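A.B. asks:
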Amino acid sequence: MFNICAADKHTVVYAAGSYIIMFDINEGKLNFRKCASNGGIGHIAKNPVLSHIAVGENCSNPLIIVYEWPTFEIVSVLKGSAEQQNNWLSYRYKS
Numbered sequence: 001m002f003n004i005c006a007a008d009k010h011t012v013v014y015a016a017g018s019y020i021i022m023f024d025i026n027e028g029k030l031n032f033r034k035c036a037s038n039g040g041i042g043h044i045a046k047n048p049v050l051s052h053i054a055v056g057e058n059c060s061n062p063l064i065i066v067y068e069w070p071t072f073e074i075v076s077v078l079k080g081s082a083e084q085q086n087n088w089l090s091y092r093y094k095s
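The sequence shown begins at 1 in full-length UniProt numbering and counts up one residue at a time.
1) Identify whether His10 lies in helix, strand or coil by the three-state DSSP scheme.
2) Residues in its own chain within less than 7 Å of Val12 by CB, not counting five upstream and five downstream?
3) Where are the beta strand (DSSP E) runs, 3 residues long or more, that stay fully inside the region 16–61, in chain order?
4) With the cut-off set at 9 Å, would you say Ile64 and Glu57 are in Cβ contact?
5) Relative to the C-alpha of Leu50, which candidate in Asn31, Glu68, Lys9 has its C-alpha closest?
6) In or out: Lys46 buried (at least 16 other Cβ within 10 Å) or exposed?
7) Tell me whether Leu89 sits in a helix, a strand or coil according to DSSP, three-state version.
8) Can you check which of these residues, Pro62, Thr71, Cys59, is closest to Phe32 by C-alpha distance?
9) State yes or no: is the C-beta of Val75 within less than 9 Å of the C-beta of His43?
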């Protein structure tokens, strides 16, 4: 399983420990954002329809935090999804 997604046409987002890494392939620049917990990141997923990125944490009672892309404003915080970690996140699109 790979923990990487395309946030837009020129930005790849992936996890490294407790950081969200954003790599702009046009500029060759990296940007970093710390996750909410100190336990690290279990998975990152991009919504195929909306400009949202979901980040699942690795820690006791981990959260799934949905961010607006590219501002990283919090859209939603989901609790109770797991006891220790979120290994896989997926968006379900319904038309």
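Just so it is clear, CB atoms sit at the ideal spot from N, CA and C, and this is done for glycine as well.
Please read all numbers here as calculations on a predicted model, not as lab measurements.
C.D. replies: If we stick to the structure as given:
1) Here residue 10 refers to the residue found at position 10 when the sequence shown is read from its first residue. Residue state for His10 is assigned as coil, using DSSP reduced to three classes.
2) By one-based count along the sequence shown, residue 12 stands at place 12. Only Ile4, Ala6, Phe23, Ile25 meet the Cβ criterion.
3) 19–24, 29–34, 41–46, 52–57
4) Here residue 64 corresponds to residue number 64 of the sequence shown, with the count starting at 1. Here residue 57 corresponds to residue number 57 of the sequence shown, with the count starting at 1. In contact: Ile64 and Glu57 (Cβ atoms closer than 9 Å).
5) Counting from 1 along the sequence shown, the entry for residue 50 is found at position 50. Per the Cα distances, Glu68.
6) What you label residue 46 is simply residue 46 of the sequence shown in a count that begins at 1. Lys46 comes out buried.
7) Reading the sequence shown from its first residue, position 89 is the one you call residue 89. In this structure, Leu89 counts as coil in the three-state DSSP scheme.
8) Taking the first residue of the sequence shown as position 1, residue 32 is located at position 32. Distances from the CA of Phe32 to each of Pro62, Thr71, Cys59 were compared; the closest alpha carbon is that of Thr71.
9) Position 75 of the sequence shown, counted from the first residue, corresponds to residue 75. Position 43 of the sequence shown, counted from the first residue, corresponds to residue 43. No, the pair does not count as a contact, with Cβ atoms beyond the cut-off.
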